[in-house]
Structure formats: structure tokens, C-alpha cells
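Novice:
Number of protein chains: 2
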Amino acid sequence: MALEVFHKDKTLQMRRKLIGQSCRLFFSHDPVKIMRARGQYLYDENGMQYLDCISNVQHVGHCHPSITQAAAAQMDLLNTNTRFLHDNIVLYANRLAASLPKKLSVFYFVNSGSEANDLALRLARQYTQHQDVIVIDHAYHGHVTSLIDISPYKFRKLEGQKEWVHVAPLPDTYQGIYREDHPDPGQAYADTVKSLIEEAHKKGRKISSFFAESLPSVGGQIIFPAGYCKRVAEYVHEAGGVYVADEIQTGFGRVGSHFWAFQLQGDDFCPDIVTMGKPMGNGHPVACVATTEEIAGAFTANGVEYFNTFGGNPVSCAIGLAVLDVIEKEDLRGNAVRVGGHLKQLLLQLQTKHPLIGDVRGVGLFIGMELVKDRASRKPATEEAAHVVRRLKEERIVISTDGPWDSVIKFKPPMCFSIEDAERVSTCIDQILGELEDIHQNRTPDGVEV
Amino acid sequence: MALEVFHKDKTLQMRRKLIGQSCRLFFSHDPVKIMRARGQYLYDENGMQYLDCISNVQHVGHCHPSITQAAAAQMDLLNTNTRFLHDNIVLYANRLAASLPKKLSVFYFVNSGSEANDLALRLARQYTQHQDVIVIDHAYHGHVTSLIDISPYKFRKLEGQKEWVHVAPLPDTYQGIYREDHPDPGQAYADTVKSLIEEAHKKGRKISSFFAESLPSVGGQIIFPAGYCKRVAEYVHEAGGVYVADEIQTGFGRVGSHFWAFQLQGDDFCPDIVTMGKPMGNGHPVACVATTEEIAGAFTANGVEYFNTFGGNPVSCAIGLAVLDVIEKEDLRGNAVRVGGHLKQLLLQLQTKHPLIGDVRGVGLFIGMELVKDRASRKPATEEAAHVVRRLKEERIVISTDGPWDSVIKFKPPMCFSIEDAERVSTCIDQILGELEDIHQNRTPDGVEV
Numbered sequence: 252m253a254l255e256v257f258h259k260d261k262t263l264q265m266r267r268k269l270i271g272q273s274c275r276l277f278f279s280h281d282p283v284k285i286m287r288a289r290g291q292y293l294y295d296e297n298g299m300q301y302l303d304c305i306s307n308v309q310h311v312g313h314c315h316p317s318i319t320q321a322a323a324a325q326m327d328l329l330n331t332n333t334r335f336l337h338d339n340i341v342l343y344a345n346r347l348a349a350s351l352p353k354k355l356s357v358f359y360f361v362n363s364g365s366e367a368n369d370l371a372l373r374l375a376r377q378y379t380q381h382q383d384v385i386v387i388d389h390a391y392h393g394h395v396t397s398l399i400d401i402s403p404y405k406f407r408k409l410e411g412q413k414e415w416v417h418v419a420p421l422p423d424t425y426q427g428i429y430r431e432d433h434p435d436p437g438q439a440y441a442d443t444v445k446s447l448i449e450e451a452h453k454k455g456r457k458i459s460s461f462f463a464e465s466l467p468s469v470g471g472q473i474i475f476p477a478g479y480c481k482r483v484a485e486y487v488h489e490a491g492g493v494y495v496a497d498e499i500q501t502g503f504g505r506v507g508s509h510f511w512a513f514q515l516q517g518d519d520f521c522p523d524i525v526t527m528g529k530p531m532g533n534g535h536p537v538a539c540v541a542t543t544e545e546i547a548g549a550f551t552a553n554g555v556e557y558f559n560t561f562g563g564n565p566v567s568c569a570i571g572l573a574v575l576d577v578i579e580k581e582d583l584r585g586n587a588v589r590v591g592g593h594l595k596q597l598l599l600q601l602q603t604k605h606p607l608i609g610d611v612r613g614v615g616l617f618i619g620m621e622l623v624k625d626r627a628s629r630k631p632a633t634e635e636a637a638h639v640v641r642r643l644k645e646e647r648i649v650i651s652t653d654g655p656w657d658s659v660i661k662f663k664p665p666m667c668f669s670i671e672d673a674e675r676v677s678t679c680i681d682q683i684l685g686e687l688e689d690i691h692q693n694r695t696p697d698g699v700e701v
Numbered sequence: 252m253a254l255e256v257f258h259k260d261k262t263l264q265m266r267r268k269l270i271g272q273s274c275r276l277f278f279s280h281d282p283v284k285i286m287r288a289r290g291q292y293l294y295d296e297n298g299m300q301y302l303d304c305i306s307n308v309q310h311v312g313h314c315h316p317s318i319t320q321a322a323a324a325q326m327d328l329l330n331t332n333t334r335f336l337h338d339n340i341v342l343y344a345n346r347l348a349a350s351l352p353k354k355l356s357v358f359y360f361v362n363s364g365s366e367a368n369d370l371a372l373r374l375a376r377q378y379t380q381h382q383d384v385i386v387i388d389h390a391y392h393g394h395v396t397s398l399i400d401i402s403p404y405k406f407r408k409l410e411g412q413k414e415w416v417h418v419a420p421l422p423d424t425y426q427g428i429y430r431e432d433h434p435d436p437g438q439a440y441a442d443t444v445k446s447l448i449e450e451a452h453k454k455g456r457k458i459s460s461f462f463a464e465s466l467p468s469v470g471g472q473i474i475f476p477a478g479y480c481k482r483v484a485e486y487v488h489e490a491g492g493v494y495v496a497d498e499i500q501t502g503f504g505r506v507g508s509h510f511w512a513f514q515l516q517g518d519d520f521c522p523d524i525v526t527m528g529k530p531m532g533n534g535h536p537v538a539c540v541a542t543t544e545e546i547a548g549a550f551t552a553n554g555v556e557y558f559n560t561f562g563g564n565p566v567s568c569a570i571g572l573a574v575l576d577v578i579e580k581e582d583l584r585g586n587a588v589r590v591g592g593h594l595k596q597l598l599l600q601l602q603t604k605h606p607l608i609g610d611v612r613g614v615g616l617f618i619g620m621e622l623v624k625d626r627a628s629r630k631p632a633t634e635e636a637a638h639v640v641r642r643l644k645e646e647r648i649v650i651s652t653d654g655p656w657d658s659v660i661k662f663k664p665p666m667c668f669s670i671e672d673a674e675r676v677s678t679c680i681d682q683i684l685g686e687l688e689d690i691h692q693n694r695t696p697d698g699v700e701v
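Residue numbers (my numbering), protein chains in the order written: chain A, 252 to 701; chain B, 252 to 701.
If you want it as C-alpha cells, here you go:
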């Protein structure tokens, strides 16, 4: 057990004084102090264990010894910048290339998803010589200035929408404008992008790119309807723009069946740029942009160097390679299929019992459970979702909500999450929803929410 | 000796294919493949040693065992995000606070200098509710979109100057508009900023911030004239803006006498925001923004979370703390004073002998030696500077040039650089400049450059 330097109250007091308060804590009314972690388990200052359902960054499990060893060995040997030749960066790029369609063959290594998406924007603009960007409503693509501008989740609360940003409806077949009863929601949602392009063109604007998470996460763990991405890519290409697949949350096998979530849309869809980040270094700051020779060539042709001080250094690449090795050796994609599939089944069973569960959706270990006040209106059950999160914390399970109304309980655990973990969290949710329904019934004897 | 995976030619071939060519190599005609490093020494694939005069990132020396140990120990224990309470982040912020003036008491941890400067821009704009930025000519503040916009070094080669950006002359008393013979160049250069503010105001624009590296590095290892920063800060404050000191290259004791380079301007000058990065993690991606309670408070008051996935994680902070410990334990600031002072003396001695050396300037281990065609015209000796770099490489010394004409030989070595290293590089430069002068004399028998 690691030694605690300060009592929790003192840590919290220092944190409030020294760290910008825009950096928020989980469970801010009673934050958790975590001292150590292993696999899918977190341990607080009293040695209390928490089951971690949210740490998608610690992809192969917290503090995996193979990753620590790879990092320490390379740190002891060399950690310099990419202006010197080194094998690790080419080894790593080569491994990533093997996971992607052939045309995505050029790589830029950076330090964060935000740096990756910003570079993707620079690449798209340089290649197309167009400025405008289409994004999906409620999307979040990063914290730097340019990405706040293309993140409706942020800019709606801040400076508002820039004239060069166009917002397409979230292709959510549960709460969106086209739902599961639509004959072809993929086409219908893609047509909303087509309309946006036409409107932009009428104003004399030109589309550089369409940015989308391959599975919108902040948007509420959304699974795109079939055919959506391919049709959008066609429309965007016709407009002279490129398709940017943001795989920062969803890549590296989280969906189980495929290495990249965009591959769920079929072999006949391929983005022009893919950005990756969070799980890539299991917590180490490393991220990447993959693109085509043509787009990279246009960026080179401007004659200006792109230098990223830490990006692609030998240690980051050694860690990235070790993460890929563990994903393969421990068959974590297979685990995501098995455990994610089982968890989804358990939640679907709960749905038959608990009217609060409006929708259960997901692939692999990327799952959302949307709570509603009642199934007819699909009115988001925001408070109930917050209650579930608070109660699960009491049961020592760490989970969070997302979606436009914070009504989606979000599962994105480390990929070593087990069948037993899935059953534990499902059992607890069953009990908590039962408690909630009891409270509702007591309040409204006829069982109808008022 | 580490094993080479690919022969150097193969590494180079893979690199050209797989990595965006905008990411350039040192000595691109014959790049160096580095396999390992220790202290101030790099070793190539044949075990050949190079003296490193440029790796300011590997601040306490390449692969310092204390840093590796601190990183590995924390990686084995916990590496999660800042939404959980942890002691390392508050310990580290507290240590940084102790190095800064009292009013700079709130910290945001990020992954790179670019993320830090972008956040500084967001903070400045939120606090002042103004948009415009004043920057110094030839400055470089980072690679993300917003920072390309405020980096004349980049935007002049790309999309040009935005209407909200105002460029002040580089306060270079050797090549600039006011020189060493001016009675008060600090005041004169500060007045150029005052004029810019007045022009901006006439156009109805409002200044959010003045951004400046505390010692402009890409600008050519410039030392601000006395009084410059204080007067600029006064003018910027009068306009309702804030002063952002970019200490990404210059912080953490590089100047020896002070921990931060802005402190060279005296105790009566204090920036409103300080950004830090490169040397902070000795190669690990970590960076930071320090600011006042008022500015941080305004950013919090917008109600929007700032979440940086990797920023401020327990591993980054453990590494940061270990770097601070090594700076103190090994008296690296003292070493910068002693060795930097000695190196500067040696270069000044060379200046008495070699007419090519127009100027020698610097503090601590931040030194520039500017080459000129002749001392009267001060015409930059760009080709000669490139020749010195190439020849030093043959002598197995890695160094680079910078400045508006790439005519400044730039010293920013790891802080463990020794007296012997300084003498070795000085001796080599002496010889190479002698060779160059012989060539010049042979070409022009009267010894005058034509």
C-alpha cells in the first residue's frame, strides 16, 4: 500500500487552492482519493476497492506490468525527439498501418487527442484549401481553441457557433429525428449532412471536412445506423472535403469485433483521416493522426515543418507497441466481445423488468444504458441516472453518465473487465433501479410518473 | 548497447514512407540514428558518441536514473486522471508555486507547450473578454491552429496574419531597430508595443494579451533589454490585457541565476500567466499553465469544465517532482551559471579572433553566437552558420541554428553540460571558423568578403 502524503481533507483543500477549479472532480460532493490501481480495480486511501467502469484510457488495465516494463526500459535507454532517426517510431507506425485500410499509410505522432484533432483540421484545410467543418450535434473533439469551435457540446455553453461550423443532427435512432421505425435511418441522417452542405454552398462557403467520433460518446454512446458513414463520406467528397474519423475514445479494439469502430460501417467505408488517442498509451500521453499519402503530401508541400517536441518519442512508441502486444496476447478484443456481449444481455434483461431503462445499446465494451421517465415519451430520466451513479459509488462501482441530458449510463471499462464484473454491476443496477421504482410507486400509487 | 532492429538505411526508408514528411530530420542529407543517451551524450548505432548542445528538453541529462525510477514506481502504482483526488498533483503544484511570485498561485497541467499556450490564450480571452493578441516578430508559440495564428515564424509562411494579431518588433539590440547604442532600448521597444495598442484601439479592437517568450529562442537567442517587460506589462494592463510569459524553453533554471527567465527583468515585473513545458518532464510529455486567482476564477465562472485526459496525472507529476529534485540536488542552476558563464567567455574570446562572430549573448546555458558576413553591415552569415553546424557534426557535436536568418548558433544543452564540454565545443568552433576564414581569404586575396 502506497503511503498517503496528506490526509484526504488536506489534499482536497490544497487542490481547491492550487488547481484551476475548471478541472472538476468526480463525485465533487465527496470525491474519491485513489492511491493505486490494478486491472479494472481502483483502491482508495483506506485500501477500499472500487470496480472501474469508466477508465477507457487504462485500456489494457491499470498499471499493467508489461507497459511499465517497456516504458522503464526505454526511458533508461533513450528518450529524444523525432528529429533523430529511431526504430521505435517506424515499428509503431508500421504496426498501426497493419490495423488500418491500406490507404491510411502516413502517421503523425502527437501527445493528446486534442493535438491529434487539431492537426487533422490543419491537414484537412491544407489539402482541400477549404475552411468549413461539419460536425455532429453534441460532439466533443477536444479542449484547444480550434476544437472548442467544432464541439457543440462546448461551444453552445461558451462563445457560440462560428460561421464556418455546420452542425448536423446526432444520428440517434432512439431520441433523434429519425428513429428505429424509420426504413433507412442511415440514409435519412446522411441526407441531413447533404442538406447542410447545400446550405453552406448557397452562402459561398466551402467544406474542408466532416468530423465525427466513430461512435459518439459524449453524445450518449450512439451507434451510427448502417450506411451512414459511407453516404456522408460520398457527400463530403463531392463537396471537396474529407472525412475525419475521431477514434480517440473508440479505437484499439474497444468494439471487439473490429480494431477501429469505423470498421463497423463495413469494408466499403474508409475515412480520409483517423485520429487516435486515449487508450493508445494506457495512460501515457500519446496520440496519432493517420492519413493518406495525398493529404500528407499536401501538408508537406506547404514547405513548413511540423515539429511536435514530445510526439513520437522512443518512450511513447515503446509504450504504444507494448499496448498493442498486450491487446493481442491477452485477446482483449475477444474479451470485449464476450464480456461486452454478456453485459449487454444482462442489461437487456434488466430492461424487461425496469421501465426506467429506455434503451440499451453498444458494441464490445462500449455500452450505453439510457434511462427515461417513461417509455412512451422517452423523456430523459436525468436525476434518476445521477442517482444510479451515486448509489453505484456507494456499492464501490465507479461509473458516469453522458448524452445531451446526462441520462445515459456509460460503460467503457478497461478491456480486462470480466464476466463477474459485468454480473456484479448488473446486479447492483437491478437493485438500485428497484429502489428507485419503489420510491416512484410510493409517490404515485397508480405507478405513473407525474 | 541496445540492439538495432533495422539497418539505418531501412529505418530511413520506412520513416520516409510512414511518417509525415513535414516532420523533419536533423541533418536531413545524412540523418543521425541515435540508439541511447546518457547525460549530455548521444550514441549512434555504431556506438559513436555525440556531444549534445541542443537537447533542452532532456534538462537534467538524458535518461537520468532518478527520473526513470520515479516514473516506473508511479506507473506501477497508479496512473489515472485528475477527476480523482491524488497527492502528486498538489505536491507538484505546491513546489512550482514556491518558485514563482506569490500571485501566480493557480495551476493547470497539460501535455505540451502547445496545449499550455492555447490554454493561456483561452484564459486571457475569458478573463479580459477581449480577442486580440500582441506577439513579437519571429516568435513561435506552438503547432496548434490558434498558436500558428500568433506565431509570425509560422504564419508568415502559411495563411498570413489574422486581423486580431498584432506583431511587435523583436527587441534585438544587435540586429533590431534599436541597438546597443540606444540610450534606453527597453523603453524604446516597449513603446513599439504601446504604438501597436494605440493603432489597434483606433480600429476598435481590444487587446486580450501580450505573448512573449521570456527569452526569444527561435527569434535568435535574444535577451530582452532592461525594463522592456515591465513597461510592456504596464501598457498591456492599461489596455485591459494580460501579460503571458512563455517559459516553455527558458524555465526551470536554464538561465542559472533565476528559476524563470522572466525574473531576469527584475522583481518589479510579474507576468499574469506563465506557460511551461519542454524541460519540465525531462522528455515526458508534461506542461503547465500558472496564473492568478482572478484569471482562473474568470475561467471557472464560465461554468464549463476543462478536462485534459492525461494532464496532471500521477505519473507526469511524479516525474515533474523528480526533475525538480535533481535540479536542486545536483545544483544544476549553479552549473548553468558556471559552465554557461565559461562558455560565453570562451565564445567572447573567439570573437576577438574571428570577424565572423558578430555577437555573443546569453545567460546561463541559453547562449547564442551570431555570425555575420562583416561586422559593419551585420549582414547575416547564414551559409557560414550552416557550415559550422555541418562541420561540428563531423566533430560529433550536435548543435543547430536559429534566428530570422538562421545565422545564430544556438546553445541550449542538457543542464549537466560540463566545463570540458564547453571547451571542446569552443575549440572545435575556433578551428572551423579558422577554416572558413581561410577559404574566404583564398577567394578574396584582400580579405574582404565580396
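No residue lacks a Cβ here, since even glycine has one placed at the ideal position from N, Cα and C.
#1: Looking at the structure shown, is B/Pro403 part of a helix, part of a strand, or coil, going by DSSP?
#2: Ends of the beta strand (DSSP E) at B/Phe461?
#3: Return the Cβ separation of A/Val506 and A/Phe335 in integer angstroms, given the expectation that the two are a contact with Cβ distance under 8 angstroms.
#4: Where does B/Pro665 land, buried or exposed, given buried means 16+ other C-beta within 10 angstroms?
#5: Once the 5 residues before and after A/Tyr292 are set aside, which same chain residues still bring their CB inside 6 angstroms of it?
#6: Give the secondary structure of A/Lys284 by DSSP, where H, G and I count as helix, E and B as strand, and everything else as coil.
#7: Look at the Cβ atom of A/Asp523, then the Cβ atom of A/Ile458, and state whether they are nearer than 7 angstroms.
#8: In this structure, does DSSP put B/Asn586 in helix, strand or coil?
#9: Evaluate B/Ile690 with the Cβ neighbour count: other Cβ atoms within 10 Å of its Cβ, from every protein chain shown; 16 or more gives buried, anything less gives exposed.
#10: Could you tell me which residues DSSP pairs with A/Ser651 in its beta bridges?
#11: In the DSSP assignment, the beta strand (DSSP E) including B/Thr542 goes from what residue to what residue?
#12: Is the shortest distance between the beta-carbon of B/Cys274 and the beta-carbons of chain A less than 7 angstroms?
#13: Just the chain B side, please: which residues come within less than 8 angstroms of A/Ala512 by C-beta, in chain order?
#14: Where does A/Glu688 sit, in a helix, a strand or coil, going by DSSP?
#15: Using three-state DSSP, classify B/Cys568 as helix, strand or coil.
#16: Mind checking if A/Thr633 is an interface residue toward chain B, Cβ cutoff 7 angstroms exclusive?
#17: Just curious, the alpha helix (DSSP H) that B/Met265 is in, first and last residue?
#18: With 16 as the cutoff for other CB atoms within 10 Å, does A/Met252 come out buried or exposed?
#19: Do A/Asp388 and A/Pro403 have their C-beta atoms within less than 7 angstroms of each other?
#20: Suppose the cutoff is 6 angstroms on Cβ atoms and the five residues either side in sequence are ignored; what does the same chain contact list for B/Gly563 look like?
#21: Is it buried or exposed, A/Ser273, if we count other Cβ atoms within 10 angstroms and call 16 or more buried?
#22: Below 7 angstroms between beta carbons: does that hold for B/Asp338 and A/Thr262?
#23: Please compile the residues from chain B whose C-beta is within a distance smaller than 8 angstroms of the C-beta of A/Cys314.
#24: So, do the region 311-330 of chain A and the region 319-328 of chain B have three or more beta carbon pairs nearer to each other than 8 angstroms?
#25: Counting only beta-carbon separations shorter than 7 angstroms, does A/Leu515 have a partner in chain B?
#26: Closer than 7 angstroms by beta-carbon distance: list the chain B residues that pair up with A/Pro476, in chain order.
#27: Determine, using beta-carbon pairs with one atom in the region 524-536 of chain A and one in the region 567-578 of chain A, whether at least three such pairs fall under 8 angstroms.
#28: Taking just the CA atoms, how far does B/Val357 sit from B/Pro484?
#29: Who does B/Glu485 pair with in a DSSP beta bridge?
#30: Using a threshold of 7 angstroms, state whether the C-beta atoms of A/Ala323 and B/Ala323 are closer than that.
#31: Identify whether B/Val384 lies in helix, strand or coil by the three-state DSSP scheme.
#32: Quick check on the DSSP output: the alpha helix (DSSP H) that includes B/Asp423 runs from which residue to which?
#33: Taking the beta strand (DSSP E) that A/Thr526 belongs to, which residues open and close that run?
#34: Is B/Gln325 helix, strand or coil when you go by DSSP?
#35: Beta-carbon within less than 6 angstroms of A/Tyr391's beta-carbon, same chain only, minus the 5 sequence neighbours each way: which residues are those?
#36: Check whether chain A comes within 7 angstroms of B/Gly437, counting only Cβ atoms and requiring the distance to be less than that.
Specialist: Reading it off the structure:
#1: helix
#2: Ile458 to Glu464
#3: Between A/Phe335 and A/Val506 the Cβ distance is about 36 angstroms, and since that is not below 8 angstroms, they are no contact.
#4: buried
#5: Gln300
#6: strand
#7: no
#8: helix
#9: exposed
#10: A/Lys661
#11: Here the beta strand (DSSP E) through B/Thr542 covers Ala538 to Thr542.
#12: yes
#13: Those do not exist, as A/Ala512 stays about 18 angstroms from chain B at its closest Cβ, beyond 8 angstroms.
#14: helix
#15: helix
#16: no
#17: Lys259 to Leu269
#18: Any answer about A/Met252 is weak, because its pLDDT of 46 lies below 50 and its placement is not dependable; what the coordinates show is given next. Result: exposed.
#19: yes
#20: Thr333, Ile340 and Phe360
#21: buried
#22: Yes. Within cutoff.
#23: Met326, Asp327, Leu328, Leu329 and Asn330
#24: Flag = yes, the region 311-330 of chain A and the region 319-328 of chain B touch.
#25: no
#26: By Cβ distance, chain B contributes nothing, its closest Cβ being about 29 angstroms from A/Pro476, past 7 angstroms.
#27: They touch, by the three-pair rule.
#28: Inspection of the sequence shows that residue 484 of chain B is occupied by Ala rather than by Pro. Each residue's alpha carbon lies about 20 angstroms from the other.
#29: According to DSSP, which records beta bridges pairwise, B/Glu485 is partnered with nothing at all.
#30: yes
#31: strand
#32: Counting along the chain, B/Asp423 falls outside any alpha helix (DSSP H), and DSSP gives it neither H nor E.
#33: DSSP places A/Thr526 in the uninterrupted beta strand (DSSP E) bounded by Ile524 to Met527.
#34: helix
#35: Ser402, Tyr404 and Val469
#36: no
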